[in-house]
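Presented below is the structure to which this report refers.
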Amino acid sequence: MPLLDSYFKVPEAATFLGVHPETIKRLCQRGRIPAEKVHNTWLIQKEKLEKFASTYRNPRRANAGIFPSSFKHDGGR
Numbered sequence: 194m195p196l197l198d199s200y201f202k203v204p205e206a207a208t209f210l211g212v213h214p215e216t217i218k219r220l221c222q223r224g225r226i227p228a229e230k231v232h233n234t235w236l237i238q239k240e241k242l243e244k245f246a247s248t249y250r251n252p253r254r255a256n257a258g259i260f261p262s263s264f265k266h267d268g269g270r
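Start counting the sequence shown at 194; every next residue gets the next number (my numbering).
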C-alpha cells in the first residue's frame, strides 16, 4: 500500500465535500482542515477529512433559496 493512498489532494477533497477546490485550499490555509503542504500541494489525510466532513456545514448551501419574507427582487432596477 503506497503511502499517498491514505491522502486526498485538493481536487479529490473538493469532490468529497461537494465544494469548489479553492474552498478546500482556503480551509487548509486557515487550519480548519488539518493538512500538510508539500511543495505546492495540500495533502489531507482521508481519515481527518472524513472527520471534518461530519461536522462541516457549508454556509452558502445552508440557506440556498431561502430569503426573508420582506425580500423583494426588483429585477436589478
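Just so it is clear, CB atoms sit at the ideal spot from N, CA and C, and this is done for glycine as well. The model shown is predicted, which means the values in this text are computed figures rather than measured ones.
Taking Cβ to Cβ, would you say residue i is nearer than 7 Å to residue j?
i, j, result
"Y200", "L236", "yes"
Taking the alpha helix (DSSP H) that residue i falls in, what are its first and last residues?
i, result
"T244", "The sequence given here places Lys at residue 244; Thr does not occur at that position. Per DSSP, K244 belongs to the alpha helix (DSSP H) from 239-246."
"K218", "214-222"
Could you give the first and the last residue of the continuous beta strand (DSSP E) run that contains residue i?
i, result
"V231", "229-231"
Out of the options, state which residue places its alpha-carbon closest to the alpha-carbon of residue i.
i, options, result
"A206", "C221, V231, R250", "C221"
"L197", "H213, E229, L210, F245", "E229"
"T248", "R225, H232, H213, N233", "R225"
To the nearest whole angstrom, what separates the beta carbons of residue i and residue j, a pair I think is in contact under 8 Å?
i, j, result
"V212", "N251", "6 Å"
Sort out for me which residues DSSP pairs residue i with in a bridge.
i, result
"N201", "It should be noted that the sequence gives Phe, not Asn, for residue 201. The partner list for F201 (beta bridge, DSSP) reads I237."
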